[in-house]
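K.L.:
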Amino acid sequence: MNPPRLPRTTLVRPRVNALLREALDYRVTIVQASTGYGKSTALATLVDSDTPLFWYSATEGDADPRQFIIHLVAAFRVGLPALSDSPSALLFDTDASALQISDVLLNALNDALDAPALLVIDDYHLAASNDVAALLDHFLAYLPPDLHVIISSRYAPTWEHLPTWRARGQVLEINRDALAFTTDEIAALFRDTYNRPLSPNDVQALHAQTEGWPIALQLVWQELRAKPKGTLADLLAHGTESLDTMFAYLAHDVLAQQPRNVETFLLESATLRELTPNACAAVTHDADSRAMLDHLRERDLFVITLGIASHHEASEFQGTRNAPRDDLQQHYRYHHLFHDFLRDHAMRIDADAVRERHRSAAKFYQQNENADEAIYHWLSANAFAEAADLIEAIGEKILREGRLDTLARWLDAIPPDQVAARPLLMFYHGELARLRSRFDDALGWYAQAERAWRAANDMQGISRALRGQALIYLDTVRAHQAEDLLREALRLIDRVDDRAAQARLLELLAENKLNMGKAAEAEELRVQARTLRDEGPSEDALSVRVKLRTGRLDEAREILEAWARDERGKPHAPRSHRETLLMLALIYAMQGRAEESRQAAEEGIAIGKQLASPFVTAVAITRLGHALQVCGDLYGAIKCYEDSVALGDQLMVRRTRAEAMWGMTRAHGFAGDLRAAQRDATEALEVTQSAGDAWLVALIQIALGSSIVFAKRYRDALPVLSDAVAGLRSCGDKVAQAAARLWLALAHWHLNQRDRAMTQLDEALSLAQANHVDYLFTTRTLLGTQDARTIIPLLLESRQRGKHTTYVSRLLGTMGLEHLTSHPGYQLRVQTLGPFRVWRGDEEISAREWSRKKARQLLQLFITQRSRLIEREVIFDLLYPEMSADAASRDFKVALNALNKALEPDRGDEEPSFVVREESAYGLRTNADLWIDADEFAKLIAQAEKLEGDAALELHRRALALYCDDYLIGEARYEDWAIAERERMLALYLRAADRLSAELLARSTYDESIAWCEKILTRDRCWEHAYRVMMRAYAQRGDRAQARRVFEQCKRVLKEDLDVEPSEATLHVLKEITVK
9 MNPPRLPRTT LVRPRVNALL REALDYRVTI VQASTGYGKS TALATLVDSD
59 TPLFWYSATE GDADPRQFII HLVAAFRVGL PALSDSPSAL LFDTDASALQ
109 ISDVLLNALN DALDAPALLV IDDYHLAASN DVAALLDHFL AYLPPDLHVI
159 ISSRYAPTWE HLPTWRARGQ VLEINRDALA FTTDEIAALF RDTYNRPLSP
209 NDVQALHAQT EGWPIALQLV WQELRAKPKG TLADLLAHGT ESLDTMFAYL
259 AHDVLAQQPR NVETFLLESA TLRELTPNAC AAVTHDADSR AMLDHLRERD
309 LFVITLGIAS HHEASEFQGT RNAPRDDLQQ HYRYHHLFHD FLRDHAMRID
359 ADAVRERHRS AAKFYQQNEN ADEAIYHWLS ANAFAEAADL IEAIGEKILR
409 EGRLDTLARW LDAIPPDQVA ARPLLMFYHG ELARLRSRFD DALGWYAQAE
459 RAWRAANDMQ GISRALRGQA LIYLDTVRAH QAEDLLREAL RLIDRVDDRA
509 AQARLLELLA ENKLNMGKAA EAEELRVQAR TLRDEGPSED ALSVRVKLRT
559 GRLDEAREIL EAWARDERGK PHAPRSHRET LLMLALIYAM QGRAEESRQA
609 AEEGIAIGKQ LASPFVTAVA ITRLGHALQV CGDLYGAIKC YEDSVALGDQ
659 LMVRRTRAEA MWGMTRAHGF AGDLRAAQRD ATEALEVTQS AGDAWLVALI
709 QIALGSSIVF AKRYRDALPV LSDAVAGLRS CGDKVAQAAA RLWLALAHWH
759 LNQRDRAMTQ LDEALSLAQA NHVDYLFTTR TLLGTQDART IIPLLLESRQ
809 RGKHTTYVSR LLGTMGLEHL TSHPGYQLRV QTLGPFRVWR GDEEISAREW
859 SRKKARQLLQ LFITQRSRLI EREVIFDLLY PEMSADAASR DFKVALNALN
909 KALEPDRGDE EPSFVVREES AYGLRTNADL WIDADEFAKL IAQAEKLEGD
959 AALELHRRAL ALYCDDYLIG EARYEDWAIA ERERMLALYL RAADRLSAEL
1009 LARSTYDESI AWCEKILTRD RCWEHAYRVM MRAYAQRGDR AQARRVFEQC
1059 KRVLKEDLDV EPSEATLHVL KEITVK
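If you count the sequence shown from 1, position 393 lands on 401 in my numbering, and the numbers rise without skipping.
1) Taking its Cβ as the centre, do 16 or more other Cβ atoms sit within 10 Å of R13, making it buried, or is it exposed?
2) T37 by DSSP, collapsed to three states: which one?
3) In three-state DSSP terms, what is F62?
4) Tell me whether the beta-carbon of G600 lies closer than 7 Å to the beta-carbon of K742.
5) Straight-line CA distance for L693 to I480?
6) Take W670 and list the residues in its own chain whose beta-carbon comes closer than 7 Å to its own, dropping the five residues that flank it on each side.
7) Between A322 and S817, what straight-line distance do the alpha-carbon atoms span, to the nearest angstrom?
8) For the structure I just gave you, are there three or more beta carbon pairs, one from the region 963-976 and one from the region 836-856, closer than 8 Å?
9) With contact counted as at least three CB pairs below 8 Å, one residue from each stretch, are the region 24-41 and the region 156-165 in contact?
10) Can you give, in chain order, each stretch of the alpha helix (DSSP H) that sits fully within the region 969-1028 and has at least 4 residues?
11) Would G616 and V624 be called neighbours here (beta carbons separated by less than 7 Å)?
12) Answer yes if the region 787-796 comes into contact with the region 769-776, meaning at least three C-beta pairs across the two stretches below 8 Å, and no otherwise.
13) Alpha carbon to alpha carbon, how far is N10 from Q265?
14) Taking 7 Å as the threshold (C-beta atoms), are T630 and E667 in contact?
15) Checking the sheet assignment: what are the DSSP bridge partners for T313?
16) CA-CA distance, G810 and L804?
17) So for H156, helix, strand or coil by DSSP?
18) Could you tell me the distance, in whole angstroms, from the CA atom of E956 to the CA atom of T814?
19) Tell me, which residues are paired with G821 by DSSP?
20) Alpha carbon to alpha carbon, what distance is there between W221 and A393?
21) Return the bridge partner residues of Q266 from the DSSP annotation.
22) Under a Cβ-count criterion, where at least 16 other Cβ atoms within 10 Å of its own Cβ denotes burial, should E193 be classed as buried or exposed?
23) When the Cα atoms are used, what is the spatial distance from L996 to C648?
24) Contact check, P920 vs S830 under 8 Å by CB: the rounded distance?
25) Between which two residues does the alpha helix (DSSP H) containing I182 stretch?
26) If you drop the 5 nearest sequence neighbours on each side, which residues of the same chain put their C-beta closer than 8 Å to that of L98?
27) For A317 and E282, I'd like the C-alpha separation in whole angstroms.
28) By Cβ distance, which residues of its chain are closer than 7 Å to M598, with the 5 residues on each side in sequence left out?
29) Compute the beta-carbon to beta-carbon distance between F870 and L932, rounded to the nearest angstrom, for a pair I have assumed lies under 8 Å.
30) Is E1080 helix, strand or coil by DSSP?
31) Whose C-beta lies closer than 8 Å to the C-beta of L963 among residues of the same chain, with five residues either side of it excluded?
32) Whose C-alpha, out of S1005, L214 and E458, is nearest the C-alpha of E1022?
33) Start and end of the beta strand (DSSP E) containing I422?
34) Give me, in chain order, the residues of the same chain whose beta-carbon lies closer than 7 Å to that of T588; leave out the 5 immediate sequence neighbours on both sides.
35) In the structure shown, what three-state DSSP assignment does A331 receive?
36) Going by DSSP in three states, A396 sits in which element: helix, strand or coil?
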């Protein structure tokens, strides 16, 4: 009559407890799950709730309705002293039926209960005879309003009124899935209860193996505790004493309790990985398998429903006219551990019979065209010849689908003597090795296959083996080695009437020509291939690469974006540097789409790891380096290039270094390390020139030439950039030509060769306008400048000369600078929210360049008063309050001169400066190219407050990221003229952080919400709303004690600082938390 005592190692699970507490909203709650799912343990935690709880643990003896009602009355007598004696007295009347006693009990309960209460009937399945079911059905139908019943059972109840109650929403059903531990709960169980923290990977592995089965988790812990030096990975991989214990438990508590026909069906159907009526019939020879499966599901014998079509059969099964439509039947599987037990038990009884059942299953699935399952069962039956036949038939398809692990697993299971007699299996081994970047292994397998096919005089086979070898050199962009192999393969295939194979070889030759920088020849070969296939114009990876290498970037990008959408989530074989996302990442970087490039590259890295292709991963890391350059993170980019080179060196493919060294040339150069850039370029050029890749040679020359320009060695850059222009002209890439000419224009400009600069700029503008690449002038790109502002003086000069006037004005307008008549070639960027710092473009003004402290202070004053000019006398009063007028005037002139030199060291006498003077007033020029973090901060918050949802969240995050500290807190902390602006910025910060924390709370992102509340309180510890958000966040996270501590802190701080009590709103939150 009492709940079981909870063991010390019980984990309180708020998720399950919350589900059980919902029982108060329903007539009856059914907790149904197999053995070992912790039903009783979960229900016993209800003892700690404030709701009265009556408990009845049923036994086999309670299948008699009178015994059942006797114990039911006793359960209420234990927990409800106010219950009248009428039901107990009636128990002694032998003429009174259980139904009559039930009615008296119901009336007594109605009188005695004055608040909601719970009755738990645990292990109901032990007592669930037909008579007891009818009795309980009647009892539940007439429950008092305040009584709610929870039934715990291994099997579903069969009450007459249950369908009606379900239809009316009066039944809560909690099943095995709800009771199973989630990954978070497994982590908490081992960390907080078992004191054995697991890594995230171990948690995932344990969840996958046990499917959250509580008893299995407990046995795993006991094993780990018994063997403290053992690892979870070893335990799961090799089995343990705990697993033997579990199997013995299942044998005694589950299998031995079943009728003989059910036991036989369980053991025989365990041969299958997934269960359907037809498949079960094929291996068990039981014509009524559907009824048996329904019985197993109803009895919850560890059967899990998968749906109408399983992931295995839906992908392969096509159906035949005479075959049973197994794909249209309900699919099930056994719980993993129960399945392991059944298979192990069946093998111990009769291993030969198990293998024969595998043969039956293989024939069934092969008849139903489900090759995956057929091969699995042929291999399990040791029928290797049959398995090899099927693998040869579908190997190409499996490779196209990218299911490399599947094919590898099959091939590894075929004995070596079988492989040695089958060159096609050798070829598949080579394909797997190539696609996983094991290039030397692949060459060995292809060579073995070639020898076998030559011995058989199989021209098609020989050509296939040569094509495989050539693909290695194509994948790694080694054009000269690929050329000879492809030519020989094409010569051999000409003897065979195989137009598809000829077309494929022509496409590979075309790609090889493209890798040699011969785009026109590549396109001709591609057309020949399509003609052989009788296909009209269409796009493929080769045509997209042609577009990429000839400057048709928008066309290539649109095609790739469509492919990426279509491919998302679909498996495929590794495609080396031809991966859609890798090509997209490069194009995005060339077009200055920094975030899109970074995202595509990161997804590419994930794909490389998923495909187990180090080569794809190496290329993706290089592309991430490109993306980071465009993001402005040069040192992060260099790290990526170094990682990519190291990974490529492990593959022993030198060609993989070329693109990384190209990126490294630019990154080192723009980071100010010209010597490293020149070293990188020398190695990159050596590799690409030997490979004959004229296009990549030219891009490396642009990177080197631009690095030399950045180092202000303008004359040295001219020949390098001129060579790049010549090479790109032959390749047909007009976009890269425009970039090279832009760098030439900059070099000539700084050499004061204005006419030559304008000639090069005129060519660059013509090419850019014709090819729609405005971004080359307006944003940071992989081929262009690191700071687009460096080009503005040249654009202004071009417009003044009347060249490309409309186009130049459009470019300037894109940057918001169309009204300028002069420009220093950089934007002045100022940080005021934190340490005061100023940059000319990407170059920070050093302490030495300021030369006078008053120069910095003068700029701070101008920025604070940036909306107006300040009279000179006011400046004297603010900055030189203790000086005479003459002394203040003298020092002011010195400070102003130092300020102008720091901001614009190369400005000519006739050019306007950032600081302007109007009569006796001074301040910042209104149309100056000036970025101030405080303005950006306020602008982002204003935009965010007009939006909702994700857009507002992202803008608030961006704004708050700018707020490193209070406005000019380091250098003008005690200056009266900075106080008002500082308070305005702080008010904006608190408002934005407050809104962000509340939005994060609404999204259940509790930790981040709490973190922002804490940041708010470090700046204003009386910000009461932050306390309320924290209280709710802790409470919803399940830590009501901490929520209460936050309230106490709020109460104490408000009393100490303001001498007030918490507001009604805060008290309401406290009450709300306490009630919940």
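Beta carbons: idealized from backbone N, C-alpha and C, even for Gly.
This one's a predicted model, so the numbers in the text were calculated from it and none came from an experiment.
P.N.:
Inspection of the coordinates gives the following:
1) The count along the sequence shown starts at 1 and reaches residue 13 at position 5. Classification of R13: exposed, given that the 10 Å Cβ count is below 16.
2) If you number the sequence shown from 1, residue 37 lands on position 29. In the structure shown, T37 sits in a strand (DSSP, three-state: E or B).
3) If you number the sequence shown from 1, residue 62 lands on position 54. F62: strand per DSSP, three-state reduction.
4) Here the question's residue 600 lines up with position 592 in the sequence shown. Here the question's residue 742 lines up with position 734 in the sequence shown. Result no, Cβ atoms of G600 and K742 do not sit closer than 7 Å.
5) Counting from one through the sequence shown, the residue named residue 693 turns up at place 685. Counting from one through the sequence shown, the residue named residue 480 turns up at place 472. Each residue's Cα considered, the two are about 22 Å apart.
6) Along the sequence shown, read from residue 1 onward, the residue named residue 670 stands at position 662. So the list reads A692, L704, L707, I708 and A711, once near-sequence residues are dropped.
7) Locating residue 322 in the sequence shown gives position 314, where the first residue counts as 1. Locating residue 817 in the sequence shown gives position 809, where the first residue counts as 1. Confidence at A322 is low in this model, with a pLDDT of 35, below 50, so its placement is unreliable and no value can be given for it.
8) yes
9) yes
10) 984-1010 and 1014-1027
11) Here residue 616 refers to the residue found at position 608 of the sequence shown. Here residue 624 refers to the residue found at position 616 of the sequence shown. It is a contact, given that the beta carbons lie within the stated cut-off.
12) no
13) Here residue 10 refers to the residue found at position 2 when the sequence shown is read from its first residue. Here residue 265 refers to the residue found at position 257 when the sequence shown is read from its first residue. Taking the straight line from one Cα to the other gives about 27 Å.
14) To locate residue 667, count along the sequence shown from 1; it is residue 659. To locate residue 630, count along the sequence shown from 1; it is residue 622. A contact, by the Cβ cut-off of 7 Å.
15) Taking the first residue of the sequence shown as position 1, residue 313 is located at position 305. According to DSSP, T313 bridges with Y340.
16) Counted from its first residue, the sequence shown places residue 810 at position 802. Counted from its first residue, the sequence shown places residue 804 at position 796. Spanning the two alpha carbons is a distance of roughly 10 Å.
17) Indexing the sequence shown from 1 puts residue 156 at position 148. In this structure, H156 counts as strand in the three-state DSSP scheme.
18) On the sequence shown, residue 956 is found 948 positions in, with the first residue counted as 1. On the sequence shown, residue 814 is found 806 positions in, with the first residue counted as 1. Going by the C-alpha atoms only, they are around 39 Å apart.
19) One-based indexing of the sequence shown puts residue 821 at position 813. DSSP output for G821 lists no bridge partner at all.
20) Locating residue 393 in the sequence shown gives position 385, where the first residue counts as 1. Locating residue 221 in the sequence shown gives position 213, where the first residue counts as 1. The straight-line gap from Cα to Cα measures roughly 39 Å.
21) Residue numbering aside, residue 266 sits at position 258 when the sequence shown is read from its first letter. According to DSSP, which records beta bridges pairwise, Q266 is partnered with nothing at all.
22) For the purposes of this step, residue 193 is identified with residue 185 of the sequence shown, where counting begins at 1. Classification of E193: buried, given that the 10 Å Cβ count is 16 or more.
23) For the purposes of this step, residue 996 is taken as the residue at position 988 of the sequence shown. For the purposes of this step, residue 648 is taken as the residue at position 640 of the sequence shown. Between L996 and C648, the C-alpha separation is close to 38 Å.
24) By one-based count along the sequence shown, residue 920 stands at place 912. By one-based count along the sequence shown, residue 830 stands at place 822. That pair is a contact at about 6 Å.
25) Within the sequence shown, the letter at position 174 stands for residue 182. From DSSP, I182 is part of no alpha helix (DSSP H) but of the beta strand (DSSP E) over V179 to I182.
26) As a first step, residue 98 must be located in the sequence shown, where it is residue number 90. Excluding residues within five positions, the ones whose Cβ falls inside 8 Å are A104, Q108, I109 and V112.
27) Position 309 of the sequence shown, counting from 1, holds the residue named residue 317. Position 274 of the sequence shown, counting from 1, holds the residue named residue 282. Unreliable positioning characterises A317 in this predicted model, as indicated by a pLDDT of 48, which lies under 50. A coordinate reading is not provided.
28) For this step, residue 598 is matched to residue 590 along the sequence shown. Excluding positions up to five away in sequence, the list reads L561, T789, L790 and L791.
29) Taking the first residue of the sequence shown as position 1, residue 870 is located at position 862. Taking the first residue of the sequence shown as position 1, residue 932 is located at position 924. Sure, about 5 Å apart at Cβ, within 8 Å.
30) Numbered from its first residue, the sequence shown carries residue 1080 at position 1072. Helix.
31) Locating residue 963 in the sequence shown gives position 955, counting from the first residue. So the qualifying residues of the chain are L948, I949, Q951, A952 and L955.
32) Along the sequence shown, read from residue 1 onward, the residue named residue 1022 stands at position 1014. Closest option to E1022, Cα to Cα, is S1005.
33) As a first step, residue 422 must be located in the sequence shown, where it is residue number 414. Looking at the DSSP string, I422 is not in any beta strand (DSSP E), and its letter there is neither H nor E.
34) Working through the sequence shown from its first residue, we reach residue 588 at position 580. Excluding residues within five positions, the ones whose Cβ falls inside 7 Å are L568, W571, A572 and E575.
35) Here residue 331 refers to the residue found at position 323 when the sequence shown is read from its first residue. A caution first: A331 carries a pLDDT of 38, below 50, which makes its placement in the model unreliable, though a value can still be read off. Coil.
36) Here residue 396 is taken as the residue at index 388 of the sequence shown, counted from 1. Correct three-state label for A396: helix.
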